[in-house]
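What follows is a single structure, written as structure tokens, with notes after it.
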Amino acid sequence: MASAGKAAAAGRPKLGEEKLIIRSEKVRFIDLLSMMFLRRPITSYGFVDVGDQTARDIGISPGDIFVRLTEIIQKALDSIKTPAKWLGIIVEFILNFFALNGGLLGILWNIVRFKLVIPRRDAANFRTMIGMIDGRTELKPAPAVSDGDLRQLQVLNVVESGEVADLESGYVTDRTPLVMRTYLILEITVMAAKIAYENAAFVENVVKNVWKFNFVGFYNGWNKFLKEDTTQAFVFTDRAENASIVVVAFRGTEPFNMQDWSTDVNLSWLGMGAMGHVHAGFLKALGLQEEDGKDASRAFPKDAPNGAAPVGKSIAYYKLREVIREQLKQHPDARLVVTGHSLGGALAAVFPALLALHKETDILARLGTVQTYGQPRVGDDAFVKFLRDEVEKKAAAAYYRIVYRYDIVPRVPFDIPLLAEFAHGGTCVYYDGWYDGKVLAGDAPNPNYFDPRFLPSMYENALGDLVKGAFLWARAGWDYREGPVSLLYRAFGLIIPGLASHSPRDYVNGVRLGAIQPKQL
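Numbering-wise (full-length UniProt numbering), the sequence shown opens with residue 1 and increments by one.
Structure (structure tokens):
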């Protein structure tokens, strides 16, 4: 996307369709060999659907090593998609079975008492792998922050009641007198992004009974191209009346969902007019209608076409836009907050850009902040500029993109000259291994992940995170203790460095334990 994207950003008139769709499911083994050893133009392969304008921009470019590497990763992910799905179902069932019955002795005792608990995936006490890695559900009141710590810029005062929730179950029963709590907006968004991985009943229980906020709804979004609900998000406000914030949180990349991981690394993009070139997978997750790289109004119309989703299904972008507009009308003083982790972070970045494309000025005027965690790249330089001009400048909304150390996901899709020049936007807040937050002038270190110069540091960080995870509670308190599941997950970072750094646990720890200094690196 280098020449195409930068030319578009400079105002060059478009002469044809701009898109590059790589259909990885059609890539054959012989195609992989051809890409590795021959220098055929990437547009000459049958699995590449390219617009005429893009074909002229790319020319005879064969792509580079990252194109081949991406397709190898895609084929590997596709080959284990079904086994990984069933592995996830089995592992999560076993972990919940032991947790809900109180371990092995509890299981035996419950058998004797005929009170054995069988986990149900839709129950309010069922946790996904993300919830098993980090079972915390409570919000921590805002800490005292020093001058210059950027976290002091956004806080929320909330009147709430109820005792502190149990960290593992998330349930609250007794009620106590009203108290005033002050929360960092970062605290609210990072926890919302984390619990978005759980089922609707779990999310509703945490929002209503643990946070004492007003739960609006949990929503599934239909993907026309995959023909299933692939997008999940929930909406809540801090109060049922006269709310200060309306929050929408998107679910991210699920550990055992290879389709999610495949979407993150996919190089396909679509020209979206003034929005620039945008990752096709993220557009499809929100409700893309046609892979039309020439007419953005046809690709993603302002209003959902009739019959765009089966009866009883809804499309994420249109449904959430409707719910948000209704909530903002109901709460005239509220500001909109959008968040998500991983894939959810990508959707959180594209969502306001679509609002701007569709001239939804009434909603954009109320947008307070977009805060994403471990977000992959979503578009080219033109998209970054569009988001900055329309959302950050015109709407005066802050866009913070938080990255923990060598997290692998913010480093994909790969930035490939000429073919797919993906870029990051927003203000990058970078946490190092000890949760020391800094605002970076550019991208996070090792932007394409595979730079060999960073390899020793990446493995050192993975080992350090494992040791830190085992002993952090001794310094920071019992809330930061990690169980066997979390430590085992961290151990995988010794095999694939950066994988364990993607866990929401480190993002929660960073927000709670680390200051954010506004110095530039």
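The beta carbon of each residue, even a glycine, is placed where N, CA and C say it ideally should be.
Boundaries cannot be given for G307, as no alpha helix (DSSP H) includes it and DSSP labels it neither H nor E. For N223, the beta-bridge partners assigned by DSSP are E228. It is roughly 40 Å from the alpha-carbon of I30 to the alpha-carbon of S486. A straight-line Cα-Cα distance of about 23 Å links L354 and L186. Per DSSP, reduced to three states, the secondary structure at H424 is coil, with no helix or strand assignment. Residue pairing from DSSP places Q371 in a beta bridge opposite T339, Y400. For W434, there is no enclosing alpha helix (DSSP H), as DSSP marks it with neither H nor E. Look at F97 here: in three-state DSSP terms it is helix. Rounded to whole angstroms, the gap between the alpha carbons of R325 and G344 is 20 Å. If you draw a straight line from the Cα of P376 to the Cα of V112, it is about 49 Å long. Closest in C-alpha terms to N257, from the list L494, I22, A84, comes A84. At a Cβ-Cβ threshold of 9 Å, A200 and D122 count as neighbours. If one requires a minimum length of 4 residues, the alpha helix (DSSP H) runs lying completely within the stretch 70-122 are 81-101, 103-112, in chain order.
Of the other Cβ atoms in all chains shown, 16 or more fall within 10 Å of the Cβ of T137; this residue is therefore buried. Boundaries for I496: no beta strand (DSSP E) harbours it, and the DSSP string shows neither H nor E there. A straight line joining the alpha-carbon of D264 with that of K75 spans about 14 Å. K302 sits exposed, since fewer than 16 C-beta atoms from the chains shown fall within 10 Å of its C-beta. Taking the Cα positions, Q289 is about 40 Å away from P452.
The straight-line gap separating the alpha-carbon atoms of S262 and R251 is approximately 16 Å.
Contact between R335 and I245 holds, with the beta-carbon distance rounding to 6 Å and staying under 8 Å.
Residue environment for M36: exposed (fewer than 16 other C-beta atoms within 10 angstroms of its C-beta).
Here D380 carries a coil assignment [DSSP, helix/strand/coil]. In this structure, S457 lies near Y406, with their beta-carbon atoms less than 9 Å apart.
Rounded to whole angstroms, the gap between the alpha carbons of P305 and H331 is 29 Å.
By the Cβ test, the stretch 85-101 is not in contact with the stretch 437-445, since fewer than three Cβ pairs between them sit closer than 8 Å.
Annotation for D238: V158, F213, S244, I245 place their beta carbon closer than 6 Å to its own, counting only its chain and skipping 5 residues before and after.
9 Å or more divides the Cβ of V409 from the Cβ of G437. With contacts defined by Cβ atoms closer than 9 Å, M132 and G88 do not form a contacting pair.
Contact annotation: S314 and D260 have beta-carbon atoms that are not nearer than 9 Å.
The secondary-structure analysis by DSSP pairs G271 across a beta bridge with H277. Short of 7 Å from the beta carbon of A365, and not among the five residues preceding or following it, lie these beta carbons of its own chain, in chain order: A395.
Judged by DSSP secondary structure, V265 falls within the alpha helix (DSSP H) whose first and last residues are 258-265.
DSSP places L440 outside both helix and strand once states are collapsed to three, so it counts as coil. About 18 Å separates the Cβ atoms of A462 and P484, ruling out a contact at the 8 Å cut-off. Taking C-beta separations shorter than 6 Å and ignoring five residues to either side along the sequence, the partners of G293 in its chain run E17, E18, K19, G51, L270, G271, following chain order.
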